[in-house]
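Chains as they are written, first to last, in our numbering: chain R, 6 to 121; chain V, 11 to 123. Backbone N, C-alpha and C define an ideal beta-carbon position, used for all residues, glycine too. Okay, structure first, notes after.
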């Protein structure tokens with residue numbers, strides 16, 4: 006286990022189709038985050054999990070988006086009825102906050118979504 | 011006004027130059043400050059981490075935080091072509107529900123041989 010793994014690396018889909026991305030965090034990390042990054046912008050927060058509980062969702066996460074982390078390990082992000090505006094890099098990150106200390110996140114390489 | 015402001019550049023310097031990157035922010039609750047480096051088509055990787063105000067040095071990299079001015083900086087000494095990347099500042103108010111990182115837009119740096 007050498008880092009955060011995301012699959013697929015690149016997804017091209019037609020507008021209106023559903024897509025699902027997977028993230029495998031670092032095994033001892035109990036927090037998992039999803040971010041979205043568009044060209045020329047920094048990553049923007051979408052949602053995060055502590056273990057299997059989804060604790061926060063951004064207003065960017067419309068009802069077409071759903072994320073799960075069923076057993077507190079890997080997570081999936083699904084986008085239904087994709088739109089061209091969903092084209093972006095979807096980044097997953099994990100962290101293990103302990104003793105009130107925050108060490109930042111470890112990011113995966115991302116899934117680049119292109120909606121045509 | 012966005013919570014975190016960062017000049018997107020691009021910034022082009024010759025090899026060996028000292029590079030200065032910076033961000034300003036508006037949320038006084040931020041107390042954790044990070045710099046991430048992102049190569050093209052890759053995820054961000056943590057470069058420097060600072061808690062509250064002060065300086066931190068790691069090899070050729072120095073991070074500075076001035077909470078009174080809401081201003082953070084990253085200095086790169088003896089810059090190398092391999093430093094060419096986008097540098098993202100990120101900050102957080104802490105762990106728990108406020109632990110989410112807020113990123114700047116990123117500054118694209120090019121170091122010319």
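Worksheet item: Using the beta-carbon count (16 or more within 10 Å), is residue 51 of chain V buried or exposed?
Response: exposed
Worksheet item: When you compare only the Cα positions, how much space is there between residue 26 of chain R and residue 70 of chain R?
Response: 11 Å
Discussion item. Which residue marks the beginning of the beta strand (DSSP E) containing residue 59 of chain R, and which one marks its end?
Written reply: 58 to 62
Worksheet item: With distances taken from CA atoms, which of R/119, R/115, R/111, R/121 is nearest residue 55 of chain V?
Response: R/111
Worksheet item: Per DSSP, residue 29 of chain R is paired with what?
Response: R/10
Discussion item. I need the DSSP call for residue 91 of chain V, collapsed to helix, strand or coil.
Written reply: helix
Fill in: Inter-residue CB distance, residue 23 of chain R and residue 88 of chain R (contact presumed, cutoff 8 Å)
Contact flag wrong, Cβ pair sits at about 12 Å.
Discussion item. I'd like to know if residue 46 of chain R contacts chain V, where contact means its C-beta is closer than 7 Å to some C-beta of that chain.
Written reply: yes
Practice prompt. Verify whether the separation of the beta carbon atoms of residue 97 of chain V and residue 72 of chain V is less than 7 Å.
Written response: no
Fill in: Boundaries of the beta strand (DSSP E) in which residue 55 of chain R is found, first to last residue
49 to 55
Fill in: CB contact check: residue 101 of chain V to chain R, cutoff 7 Å
no
Practice prompt. Measure the alpha-carbon distance for residue 77 of chain V versus residue 64 of chain V and round it to whole angstroms.
Written response: 9 Å
Discussion item. Please tell me whether residue 115 of chain R has its Cβ less than 7 Å away from any Cβ of chain V.
Written reply: yes
Worksheet item: How would you list, in chain order, the residues of chain V whose beta-carbon sits under 7 Å from the beta-carbon of residue 96 of chain R?
Response: 53
Worksheet entry | Proximity to residue 101 of chain R [Cα-Cα], best of R/81, R/91, R/38 | R/38
Discussion item. Check whether the segment 55 to 73 of chain R and the segment 7 to 15 of chain R are in contact - that is, three or more C-beta pairs closer than 8 Å.
Written reply: no
Worksheet item: Hey, quick one: how far does the beta strand (DSSP E) through residue 65 of chain V stretch, first residue to last?
Response: 64 to 68
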